[in-house]
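Numbering (the working numbering), first residue to last: 154 to 367.
Take a look at the structure:
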């Protein structure tokens, strides 16, 4: 297994890069998807969230109402800390389980983690950062129909652009065309596949927190 981290701010195009890496043969472990999986109906995490934030955070379909949780947690440091204490350990354990399942293979395993700069993960052989200027982030989020104030608030809750670049071994500039991005991904992929394989069962990272609300 070759173990690689992937991160980028909201609106950077990280999901696009993850898809490109998958197309080249990578196995992507998506932290946001893991968050959704551990919060599935009937899960211990969902039960704990309802106990802490009230039964109204569970919709009529049994799914977590993420907007309801966000409304209760964001802006309240104590509530946000409680949210993180409930979700993060479960996410870290599940991500490690998935990595361990792949540890004896020869796959390139990409950990797609939005908060990698905020909570660095041990054991990574490379860290890919998808980078765009702040104004491009805002423009793209607005293009998705997001209110500019909401977009700016979401960006402010993440690590700064400088903090992400500081942990990068490879930076993908996604301020240009899709073709330009593809070319950069090709170059990074060619480097990554030449990295040494980790011995089975070794180099597994310590638990990490995923994004508490997708």
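Idealized CB from N, CA, C, for every residue including glycine. Keep in mind the model is a prediction, meaning the values are calculated, not measured.
- Secondary structure remark: continuous alpha helix (DSSP H) runs of at least 4 residues inside the segment 289-323, in chain order: 301-309 and 314-319.
- Following the DSSP letters along the chain, one finds residue 211 in no beta strand (DSSP E), marked with neither H nor E.
- Excluding the 5 residues flanking it on each side, residue 201 has same chain C-beta neighbours closer than 6 angstroms at 239, in chain order.
- Looking at 185, 310, 207 and 311, the one whose alpha-carbon comes closest to that of residue 245 is 185.
- Counting along the chain, the unbroken beta strand (DSSP E) around residue 161 starts and ends at 155-161.
- Between residue 316 and residue 270 a beta carbon distance of about 5 angstroms is seen, short of the 8 angstroms cut, so the two are scored as contacting.
- From the listed residues 318, 172, 336 and 352, the smallest Cα separation to residue 284 is found for 318.
- Counting only the Cα atoms, residue 267 lies some 15 angstroms from residue 237.
- Look at the beta carbons and you see the segment 325-341 touching the segment 156-172: at least three pairs across the two are nearer than 8 angstroms.
- If you draw a 10 Å sphere on the C-beta of residue 265, you find 16 or more other C-beta atoms in it, and that means buried.
- Looking at the DSSP output, residue 325 shares a beta bridge with 283.
- Excluding the 5 residues flanking it on each side, residue 226 has same chain C-beta neighbours closer than 6 angstroms at 232, 233 and 236, in chain order.
- Residue 334 carries a helical assignment under DSSP once its states are collapsed to helix, strand and coil.
- DSSP places residue 181 in the strand class (E or B) of the three-state scheme.
- With contacts defined as CB atoms closer than 9 angstroms, residue 158 and residue 291 fail to qualify as a contacting pair.
- DSSP places residue 240 in the uninterrupted alpha helix (DSSP H) bounded by 230-255.
- Annotation for residue 222: the continuous alpha helix (DSSP H) segment containing it runs 219-226.
- Under the three-state reduction of DSSP output, residue 174 falls in the helix class.
- Separation of residue 330 and residue 338 (C-alpha to C-alpha, rounded to the nearest whole angstrom) is 13 angstroms.
- Annotation: residue 346 is outside any beta strand (DSSP E) and is labelled neither H nor E by DSSP.
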